[in-house]
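Trainee: Residue numbers (the working numbering), protein chains in the order written: chain R, 1 to 353; chain H, 1001 to 1353. Ideal Cβ placement from N, Cα and C applies to all residues, glycine included. One structure coming up, written as structure tokens, with questions to follow.
2 protein chains.
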Amino acid sequence: MNASEHYRALHRIAEEGFCEFETKKYILGAIENMGCAIYEVGKTGVLAYFDFGKSTTSAFRAEMDALPITEKTGLPFASENVGCMHACGHDAHMAMLLSLAERLSKGCDVLCNVLLIFQPAEEKRGGAETVVSSPDFLRIAPERIFAIHLRPQLEKGKLFSGIGAIYAGSSEIVATFCGEQAHITENIKNDALENAARFYIGTKYQAKEEGLLIRFGRLCAGTAGNVTPCLAELCGTMRYFSEPEKISETEILLRKAKKYGGEVHIFEYAPPARNSGELFELSGCSRLSEPILCADDFSVYGRVCPHPLYMLLGTGDTPPLHSDEFAFDESILRFGEEKLFYIVRNEKISKVI
Amino acid sequence: MNASEHYRALHRIAEEGFCEFETKKYILGAIENMGCAIYEVGKTGVLAYFDFGKSTTSAFRAEMDALPITEKTGLPFASENVGCMHACGHDAHMAMLLSLAERLSKGCDVLCNVLLIFQPAEEKRGGAETVVSSPDFLRIAPERIFAIHLRPQLEKGKLFSGIGAIYAGSSEIVATFCGEQAHITENIKNDALENAARFYIGTKYQAKEEGLLIRFGRLCAGTAGNVTPCLAELCGTMRYFSEPEKISETEILLRKAKKYGGEVHIFEYAPPARNSGELFELSGCSRLSEPILCADDFSVYGRVCPHPLYMLLGTGDTPPLHSDEFAFDESILRFGEEKLFYIVRNEKISKVI
């Protein structure tokens, strides 16, 4: 089967993070006779290890999870799980890895051992952690790790990357404000909704030139129009490119929330990327014109793997990721496959340790 | 049974509006042998009509419904329906009417026919409408209608009232803002949460000296911290003392919402009170020092009944209405009972037509 066939099959069975049971079954079926060692990670993750007896290992990571989105692409292979859709290209990422596995299984001039990582739950917190804390991953301990992610608005079929922080770190912000619950006509001193709204207006912030974004997507306060709420909860996202920046912004958020009688809790999703300059130069990818504010828990692998490289495969003029209409021309998968194949056969890359 | 016993029995079986089935059963049981005609109104309302062959009729209204509140009074007769509590005194109001019914059934020098109204769902929209649109009520067509409502912070055991608009009209405000749903990093033009928050900050308003209140108790927007919401909904309350004021404030709300790309819908709960000056003077109630911003759908009866009088029975220094700790000294019920009995036997009152 080629990458396109795998992609279509996986697209049909879209599943949310940590629930990728059918997807796991599909992957296990696809790789079972390929001569690789297979390890399960958590409930749904899969590692496929091709041990060619080489001295170093390159790992390749694809995410397995889809999104809670009702697909509106009208594709003949649209998701059969209503309300769940591969709208972030993870099906394509898996398909390219399965295609690489097939090539590897047929014997070819590979210069390193290869670990294929099928990772659960990139869209949730904890997917990459599941892998990097697994004994099998830690024993194999790849020197290099690569990922390809589809990217709308980049030139179709072309691979892009960069050095250092090419995509953002991401933290979830939860701000809570407790108030006095009372009949709306009571003169209360502490209105949770008012405090949350004032905090929101004073905090929503985007400084794109500085590569920082603080925005909120959800506010829930109260139960009725005639009762002041006992709680208002505001959920948002911080995107940043450096840890000191994150720390100083967190302090500002805490101070602002305190001013309005609230509390802020910050949950780290993923640190900023830290792309290997050496691998970037050897990869032959084009250089991104600017870092992107998207986040990916691929950066978590950077904690245990010395040389990470995150690459973007342009889909051209398509709907954005996470759109219910996201679709792309499958012919681009070939360029991703070729890049992966190039990497496992490049002598200089296999010596980056 | 005296008013206190009725009060305790009704307090135990607190039920929400339009679901007062046990309460209705209790009332029917209490009045079945009292010689009055009994009419059912809607599913749970009850009319008890004492036709003494007089030329005019005084009606007395008590509400039947409780609130979705988990009682924390610790009373030995606390609500047995978990999550539902008589926290607005409706149990006491019904008890005083049942006590009056007992006196009427024993024969006494009454100068008018008496209609007792046990009305469902004062706390929801539509309770009073259920009664005023019922054929039995319209046929009986009382000339005068009275209600007593408990009121914390007024002198304990004393009855208060006033002329004209002594309590506010109330409308529910629902403001909706549609926005672009997208990943939080997208540069969207129309952020529903931001629009709702700015509308809220610019609209929350209380001008007590003018007897106007516009406040919001609930804001719901979005589903996740990393997706901009497609909808933000803000629910609030308008309290006012005159129709022209309501109309002009509604126009201001509509304009403000439009400025932020939103829409406002106003749902009337009850118009302002319109107390009969003649009845107030004859009632012997003390005069309220100022109108109160609370609303009661008792005002709906003013549409069909020429002489309404709403009276407040002070509970003194008790927790506020709608508090999960609301309780009061039952000895005050006697003062309410005596006032009702005074009204049905007052010659001048029976001639107010």
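1. Can you give the beta carbon distance from residue 1119 (chain H) to residue 1198 (chain H), rounded, assuming they're within the 8 angstroms contact cut?
2. Grouping DSSP H, G and I as helix and E and B as strand, with all else coil, what is residue 1273 (chain H)?
3. Name, going along the chain, the residues of the region 215-239 of chain R whose beta-carbon falls closer than 8 angstroms to a beta-carbon of chain H.
4. Give the residues of chain H in contact with residue 294 (chain R), contact being defined as C-beta atoms less than 7 angstroms apart.
5. If I measure Cβ to Cβ from residue 1280 (chain H) and keep anything under 7 angstroms in the same chain, skipping five residues before and after, which residues do I get?
6. Starting from residue 1039 (chain H), trace the beta strand (DSSP E) both ways and give me its first and last residue.
7. Going along chain H, which residues have a C-beta under 9 angstroms from residue 182 (chain R)?
8. Hey, would you say the C-beta of residue 11 (chain R) is under 7 angstroms away from at least one heavy atom of the ligand FAD?
9. Between which two residues does the alpha helix (DSSP H) containing residue 1344 (chain H) stretch?
10. Just by C-beta distance, which residues in the region 1192-1207 of chain H are closer than 9 angstroms to chain R?
11. Does residue 1155 (chain H) come out as helix, strand or coil in the three-state DSSP assignment?
12. Nearest by alpha-carbon distance to residue 327 (chain R): which of R:334, R:121 and R:318 is it?
13. Pull out every residue of the region 157-181 of chain R whose Cβ sits closer than 7 angstroms to any Cβ of chain H, in chain order.
14. Nearest-angstrom Cα distance between residue 1040 (chain H) and residue 1057 (chain H)?
15. Give the C-beta separation of residue 1016 (chain H) and residue 1068 (chain H) to the nearest angstrom, bearing in mind that I take them to be a contact with Cβ-Cβ under 8 angstroms.
16. Identify the continuous alpha helix (DSSP H) that holds residue 1196 (chain H) and give its terminal residues.
17. Would residue 1023 (chain H) and residue 1038 (chain H) qualify as a contact pair, given that the criterion is a beta-carbon distance under 8 angstroms?
18. Assign residue 1315 (chain H) to one of two classes, buried (16 or more other C-beta atoms within 10 Å of its C-beta) or exposed (fewer than that).
19. Is the shortest distance between the beta-carbon of residue 213 (chain R) and the beta-carbons of chain H less than 8 angstroms?
20. Using only alpha-carbon positions, find the residue among H:1030, H:1191 and H:1349 that is nearest to residue 1284 (chain H).
21. Identify whether residue 184 (chain R) lies in helix, strand or coil by the three-state DSSP scheme.
22. Using a Cβ-Cβ cut-off of 8 angstroms (strictly less than) and excluding sequence neighbours within five positions of residue 190 (chain R), which residues of its own chain qualify?
23. Relative to the C-alpha of residue 99 (chain R), which residue among R:27, R:250, R:150 and R:74 is closest?
24. To which residues does DSSP link residue 1117 (chain H) through a beta bridge?
25. Can at least three beta-carbon pairs, one atom from the region 267-276 of chain R and one from the region 162-176 of chain R, be found at a separation below 8 angstroms?
26. Determine, using beta-carbon pairs with one atom in the region 1246-1255 of chain H and one in the region 1139-1157 of chain H, whether at least three such pairs fall under 8 angstroms.
27. Going by the beta-carbon positions, is the gap between residue 1336 (chain H) and residue 1096 (chain H) smaller than 8 angstroms?
28. Given a cut-off of 8 angstroms on the beta-carbon distance, is the pair residue 85 (chain R) and residue 101 (chain R) in contact?
29. Is residue 1316 (chain H) helix, strand or coil when you go by DSSP?
30. Hey, does residue 1195 (chain H) have any beta-carbon neighbour from chain B nearer than 8 angstroms?
31. Quick check: the Cα distance between residue 48 (chain R) and residue 104 (chain R), rounded to an integer number of angstroms?
32. In chain order, what residues of the same chain have a beta carbon less than 6 angstroms from the beta carbon of residue 1233 (chain H), not counting five sequence neighbours either side?
Mentor: So, to answer that:
1. Cβ atoms of residue 1119 (chain H) and residue 1198 (chain H) stay farther apart than 8 angstroms, at about 40 angstroms.
2. DSSP, reduced to helix, strand and coil, places residue 1273 (chain H) outside both helices and strands of the structure shown, so it counts as coil.
3. Those would be 215, 216, 217, 218, 219, 220, 221, 222, 223, 224, 225, 226, 227, 228, 229, 232, 235, 236, 237 and 239, in chain order.
4. Within chain H, the residues near residue 294 (chain R) are 1185.
5. Closer than 7 angstroms at Cβ, skipping near neighbours: 1161, 1162, 1163 and 1309.
6. 1037-1041 is the extent of the beta strand (DSSP E) around residue 1039 (chain H).
7. Among the residues of chain H, those whose CB is under 9 angstroms from the CB of residue 182 (chain R) are 1320, 1322 and 1323, following chain order.
8. As far as ligands go, the structure on display features none, and thus does not contain the ligand FAD.
9. From DSSP, the alpha helix (DSSP H) with residue 1344 (chain H) extends over 1333-1344.
10. If the cut-off is 9 angstroms between Cβ atoms, the region 1192-1207 of chain H has 1193, 1194, 1196, 1197, 1198, 1200, 1201, 1204 and 1206 near chain R.
11. Residue 1155 (chain H) falls in the coil class under three-state DSSP.
12. Nearest option by C-alpha distance: R:318.
13. Contact annotation: in the region 157-181 of chain R, residues whose CB is within less than 7 angstroms of a CB in chain H are 172 and 173.
14. For residue 1040 (chain H) and residue 1057 (chain H), the distance between alpha carbons rounds to 19 angstroms.
15. Beta-carbon to beta-carbon, residue 1016 (chain H) and residue 1068 (chain H) are separated by about 6 angstroms, close enough to satisfy the 8 angstroms threshold.
16. Where residue 1196 (chain H) is concerned, the enclosing alpha helix (DSSP H) stretches over 1192-1203.
17. Result no, Cβ atoms of residue 1023 (chain H) and residue 1038 (chain H) do not sit closer than 8 angstroms.
18. Burial call: buried.
19. Cβ-Cβ to chain H under 8 angstroms: yes for residue 213 (chain R).
20. Ranked by Cα distance from residue 1284 (chain H), the options H:1030, H:1191 and H:1349 are led by H:1349.
21. Residue state, collapsed to three classes: coil.
22. For residue 190 (chain R), the CB contacts under 8 angstroms within the same chain, skipping 5 residues up- and downstream, are 178, 179, 180 and 261 in chain order.
23. Ranked by Cα distance from residue 99 (chain R), the options R:27, R:250, R:150 and R:74 are led by R:27.
24. Paired residue(s): H:1047 and H:1061.
25. Touching, yes.
26. At 8 angstroms Cβ cutoff, the stretches do not touch.
27. Cβ distance < 8 angstroms, so residue 1336 (chain H) and residue 1096 (chain H) count as in contact.
28. Their beta carbons are not under 8 angstroms apart, which means residue 85 (chain R) does not touch residue 101 (chain R) by this criterion.
29. For residue 1316 (chain H), the secondary structure class from DSSP, reduced to helix, strand or coil, is strand.
30. Absent from the structure: chain B. Protein chains present are R and H.
31. Cα to Cα, residue 48 (chain R) sits roughly 11 angstroms from residue 104 (chain R).
32. Counting only Cβ-Cβ distances below 6 angstroms, and skipping sequence neighbours, we find 1176 and 1220.
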